[in-house]
Amino acid sequence: VGEHVHEVAVGDTVVPVFSAQCGDCPDWRLPLRPQLPARPGMPRDGTARFSFAATGEPIHNFTGVSSFTEYTVVDVAHVVRLKPGVPPEKACLLSCGVSTGVGAAWKVAAVEPGSSVAVFGLGVVGLAVAQGCRMRGAKQIVGVDLNPEKGRISGKRLGITDFINPNDTGEKAVSEVVKEMTGGGADYCFECIGSTSVMAEAFQSSRKGWGKTIALGVSSGVAPISIPPEDILMGRSLVGSLFGGLKPTADIPILAQKYVDKELELDEFVTHEMRFDDINRAFELLTQCFIWMGGDRENGVGVEALDNA
C-alpha cells in the first residue's frame with residue numbers, strides 16, 4: 001500500500017472497479033454525476049506502474065485495473081474496501097456485472113413496485129437486472145434471450161416471470177409479443193446486449209406515455225439507433241447506463257452487505273471455477289453461453305462440453 005494511501009490497509013479485502021471514484025473532482029461532488037471522466041493510466045497523473053523490460057515502454061492498466069493479471073498495481077480510486085464476510089470469489093462479481101445490472105434497476109430506472117419489465121439479453125448483466133427489478137418489487141419481468149435455459153432455470157431463480165425466445169415468435173416482432181404479455185408495453189425495458197437494433201426493439205417494447213428504456217450493452221460498432229421522434233414526443237425515453245449509475249465506494253459495500261444478509265444472490269452467477277492458466281478455455285465457455293444446469297459445478301481444468309448449453 002502506498003505511503004499516501006489511507007483508504008485501505010494491508011490485509012483488507014478489496015474489489016477492483018473500472019469506474020474510478022477519486023472523490024476530489026467536481027464530478028464526484030454532484031449526486032447525479034457518478035462516473036469519473038475516462039483518463040489514460042493512473043487516473044490522477046496519467047502515468048503507468050508497468051513497463052516492457054526490454055524497451056521501458058509503459059503498459060497501462062486494462063480498464064484501469066488489469067483484472068486479467070495475477071498481480072496488479074492500481075490507484076486507490078479503482079478499489080473498494082469490503083467488510084469481512086463476502087468470499088473473494090463472490091465479491092469479484094460486484095466489480096462490474098452484477099452491480100451494473102442491479103444498479104441499473106435501482107438507480108437509473110428506479111423501478112417502481114408493481115411495474116412490468118422486459119430484459120433483453122440474459123447474461124450476467126441481464127440476470128442481475130432481473131434480480132434488481134425483483135428486489136424493487138416489479139410484478140412482471142419478461143426475459144428475452146436465444147437460450148431458453150436461461151429463462152427456464154437461472155432466470156426464474158433470479159426473478160424472470162415470463163420468457164421470449166426471438167426464434168419462436170414467427171413473423172411477430174419481439175416488441176409485439178412483449179406488448180401482448182404486458183398489456184400494452186413494459187414500463188421499463190433493459191437492453192443488455194450491445195446491439196443498436198435490439199436497443200430500438202427494446203424501446204418499441206416500452207409502454208407509450210411513460211415507458212423507459214435503459215441501454216446497458218456495450219456496442220462494438222457505430223451503427224445509429226433509429227427511433228421515431230413522435231415516440232419520444234409521446235413520453236417514452238431512452239437513457240444509457242454505465243456501471244448501473246453506482247458510486248463504487250458508497251454503493252458496492254451496500255450490495256455486499258445485502259449478499260451477507262441473503263437479500264442479494266451472487267452464488268447463482270458462478271457457473272464454473274477454473275484455474276487462472278486455463279483462462280482461454282474459460283472464455284470459450286463464456287462465448288458459447290455455457291451455464292450450469294444442475295448437479296456438480298465444474299472445477300479446475302478439463303471442463304467437458306455441456307450438450308444443452
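Quick note on full-length UniProt numbering: the sequence shown kicks off at 1 and runs consecutively.
Each residue gets a CB set at the ideal place from its N, CA and C atoms; glycine is no exception.
With distances taken from CA atoms, which of the options is nearest residue i?
i: L216; options: T196, P16, G170 and G46; result: T196
i: P148; options: G121, R134, Q131 and Q140; result: G121
i: W106; options: E3, V198, I254 and V270; result: I254
i: V17; options: D251, G64, I279 and G184; result: G64
i: V125; options: G114, S116 and D145; result: D145
i: D162; options: A173, E191, G184 and A130; result: A130
i: K83; options: A202, E180, T13 and T100; result: T13
i: F68; options: F243, N280 and E284; result: N280
i: R81; options: G123, G2, A256 and T72; result: A256
i: S99; options: D261, S241 and D277; result: S241
i: A250; options: V239, C192 and E7; result: E7
i: K156; options: L127, G209, E263 and V239; result: L127
i: K212; options: Y71, S19 and E112; result: E112
i: H78; options: K258, I252 and D261; result: I252
i: S219; options: M199, R236 and P228; result: M199
i: T287; options: G123, D267, A53 and E191; result: G123
i: G85; options: K262, S237 and E284; result: K262
Assign residue i to one of three DSSP states: helix, strand, or coil.
i: H6; result: coil
i: L238; result: strand
i: P87; result: coil
i: V79; result: strand
i: P113; result: coil
i: F52; result: coil
i: V14; result: strand
i: F120; result: strand
i: E284; result: helix
i: E273; result: strand
How many angstroms separate the CA atom of residue i from the CA atom of residue j?
i: V142; j: A118; result: 5 Å
i: R275; j: T47; result: 31 Å
i: S175; j: P87; result: 40 Å
i: L233; j: P248; result: 34 Å
i: D168; j: G151; result: 14 Å
i: F50; j: A9; result: 22 Å
i: S115; j: T271; result: 30 Å
i: P166; j: V177; result: 10 Å
i: S205; j: T182; result: 9 Å
i: I225; j: D187; result: 20 Å
i: G209; j: K139; result: 19 Å
If residue i and residue j are in contact, beta carbons under 8 Å, what's the gap, nearest whole angstrom?
i: L158; j: E265; result: 6 Å
i: G103; j: G245; result: 5 Å
i: E201; j: A223; result: Incorrect: roughly 14 Å between the Cβ atoms, too far for contact.
Query raised in the report: Of all the alpha helix (DSSP H) runs that stay within the bounds of the UniProt domain "Alcohol dehydrogenase-like C-terminal" (125-250), which reach a length of 4 or more residues?
Result: 155-158, 174-182, 196-204 and 229-233
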